[in-house]
Amino acid sequence: MKELQNIWQKFLAIPLLKKLNQHSFMPIIWWGVFIAAFPYFLSLIQLPIVVRVGLVFLILNSIISFHVGVLIKKRSLSKWWMLFLPVIFCLAILPRFANYNLVFGLIYLIFEVFGLINNHIYR
21 MKELQNIWQK FLAIPLLKKL NQHSFMPIIW WGVFIAAFPY FLSLIQLPIV VRVGLVFLIL
81 NSIISFHVGV LIKKRSLSKW WMLFLPVIFC LAILPRFANY NLVFGLIYLI FEVFGLINNH
141 IYR
């Protein structure tokens, strides 16, 4: 565990990453990279399609989308950042996965809106 922490600290100490992480929009970029790369990682470990679509695409990515909506509100970013995550996901899914997975881009956009209007859903 200590070795992983040392590797992570060295990774964060890279000057380019330090400079990039100073921007308020970088968490959204990092979540986008994670959402784009994670399905390919799961394909490499040969996770069944039902698990990949059900657990990862539907549950995990929806939670991340809601969190990104909250981040957009908390960091006072432009509303255009809401399109970043669904577009990155759809572009990452196009080359290898089935076309019905593109619907998840719309689902993620809806969850981002829920995150954006967090406490004002019932008002």
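Numbering (this note's numbering) for the sequence shown: 21 to 143.
For every residue, glycine included, the Cβ atom is placed at its ideal position computed from N, Cα and C.
Please confirm whether residue i and residue j have their CB atoms less than 8 Å apart.
| i | j | result |
| --- | --- | --- |
| Val76 | Phe104 | no |
| Lys93 | Asn138 | yes |
| Tyr128 | Ser85 | yes |
| Met102 | Leu136 | yes |
Considering Cα atoms alone, identify which of the options is closest to residue i.
| i | options | result |
| --- | --- | --- |
| Ile79 | Ile55, Asn26, Met102 | Ile55 |
| Phe134 | Ser96, Asn41, Ser82 | Ser82 |
| Val70 | Phe131, Leu114, Ala118 | Ala118 |
| Leu114 | Gln25, Tyr60, Asn26 | Tyr60 |
My assumption, with CB atoms under 8 Å, is that residue i sits in contact with residue j. Please give the rounded CB distance.
| i | j | result |
| --- | --- | --- |
| Ser44 | Arg116 | About 32 Å; that fails the 8 Å criterion. |
| Val88 | Ile48 | 6 Å |
| Arg72 | Leu64 | Not really, about 11 Å apart at Cβ, beyond 8 Å. |
Going along the chain, which residues of its own chain have a beta-carbon closer than 8 Å to the beta-carbon of residue i, five neighbours each way excluded?
| i | result |
| --- | --- |
| Met46 | Leu40 |
| Leu37 | Phe31 |
| Gln29 | none |
| Ala33 | none |
| Glu132 | Ser85, Phe86, Val88, Gly89, Ile92, Met102, Leu105, Pro106 |
| Leu97 | Ser44, Phe45, Ile48, Leu91 |
Please return the same chain residues whose Cβ sits closer than 6 Å to the Cβ of residue i, not counting the five positions on each side in sequence.
| i | result |
| --- | --- |
| Trp51 | Ile84, Val88 |
| Pro106 | Gly125, Tyr128, Leu129 |
Leaving out five residues before and five after residue i in sequence, what residues of the same chain have Cβ atoms less than 7 Å from its Cβ?
| i | result |
| --- | --- |
| Val53 | none |
Inset, instruction - Decide yes or no for the touch test of the segment 90-110 against the segment 124-137: beta carbon pairs closer than 8 Å, at least 3 of them. - result: yes
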